[in-house]
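Here is the structure we will look at, set down as structure tokens.
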Amino acid sequence: MPRGMRSRSMSLLAADEPANDESARARRNARPSRSETRRAILDATEALLLESGHSGFSVRKLVERCGYSAPTLYHHFRDKDGLIDALLEERLTLFARDIEAVPLVADPVENLRSLARAFALFGLRYPTHYQLLMQVREEDSAMIEAAEEARRLMEQPASQIAARGWLAIGDLEGFRQALWTMLHGIVSMRTLRPDVEWKQDLLDRSLEGIIRGWLIPEADRRIAASADGRRGRTEEQSSCTPPE
């Protein structure tokens, strides 16, 4: 490079250095936005809850983990319970959104299959969120609206199956527990043991095993549904017949 051109390039580079230093200094001194601060606090809360559980969670431990002071935490969330509830509300809203997106049909057994798959896929897609939602909360914790909505959606098919008399034993609570235990076991084991070559159809085959074990045979369900349909039409016709 010619001497004149080299010196000119060096002078231009030197002229740029203060601006670059100032830009870097500005980036270092830039304060995070309110949403960024809230996000950092919630993420740290989730990590701490997974490590210590609800009983071992404290604001002091959270301050040490996230680097924000206690007044900053209370500025964004009213108290410790409000902080945990905000995190759970966020995660449960995400879960409820996935559940609400499941297309439902007239057959509650088919709806049970679809919702059970959605439950398991959520747990496999968001294992950290799933672990958080499965933790036991304190008895006096406030009700979370998204949790109640998700519970209602998940329990509806089983309730409809029981109402139609399709449970072989008639034990609705036992059926729910068997279904939930199976789903939770598959999600947990696949998360804890990624080294295992899990069967791709494990969820579907396990789900069918629960259905066959707890429900009356499909042929009997069709007969019962047909009888219910005829009875409903007869009652409707009777109600439309004018009195003599």
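Mapping the sequence shown onto my numbering, position 229 (from 1) lands on 385, and the numbers just tick up by one.
Built from N, CA and C at the ideal position, the CB exists for glycine as well.
Small disclaimer: the values here were computed from a predicted structure and weren't measured.
In this structure Tyr230 is not in contact with Ile197, their Cβ atoms being roughly 11 Å apart against a cut-off of 8 Å. Taking a contact as a CB-CB distance under 8 Å, the pair Lys236 and Val219 does not count as one, their CB atoms being some 11 Å apart.
Assigned with DSSP and collapsed to three states, Leu260 falls in coil, not helix or strand. In this structure, Arg253 keeps its C-beta atom at 8 Å or more from the C-beta atom of Trp322. Just so you know, the alpha carbons of Ile240 and Glu374 end up roughly 44 Å apart.
Put simply, of Glu311, Phe233 and Ser344 the residue whose alpha carbon is nearest the alpha carbon of Thr284 is Ser344. Three or more beta-carbon pairs separated by less than 8 Å link the segment 245 to 259 to the segment 272 to 289, which places the two stretches in contact. Beyond the five residues adjoining it in sequence on each side, Phe233 comes within less than 7 Å, by CB distance, of Leu239 and Ala242 in the same chain, given in chain order.
For the pair Ser315 and Ile342, the CB atoms are not nearer than the 8 Å cut-off. For the options Glu353, Glu364 and Ala226, the alpha carbon positioned closest to that of Val265 is the one of Glu364. Shown here for Ala306: same chain residues with a beta carbon closer than 8 Å to its own, the five before and five after excluded, namely Leu248, Phe251, Ala252 and Ile255 in chain order. Taking His340 as reference, the option from Asp357, Leu280 and Ala324 with the minimal CA-CA separation is Leu280.
For Glu305, the enclosing alpha helix (DSSP H) covers residues Glu301 to Ala319.
Exposed is the label assigned to Glu192, since fewer than 16 other Cβ atoms lie within 10 Å of its Cβ.
Shown here for Pro259: same chain residues with a beta carbon closer than 8 Å to its own, the five before and five after excluded, namely Ser270 in chain order.
Within a 10 Å sphere around the beta-carbon of Ile379 sit fewer than 16 other beta-carbons, which makes this residue exposed.
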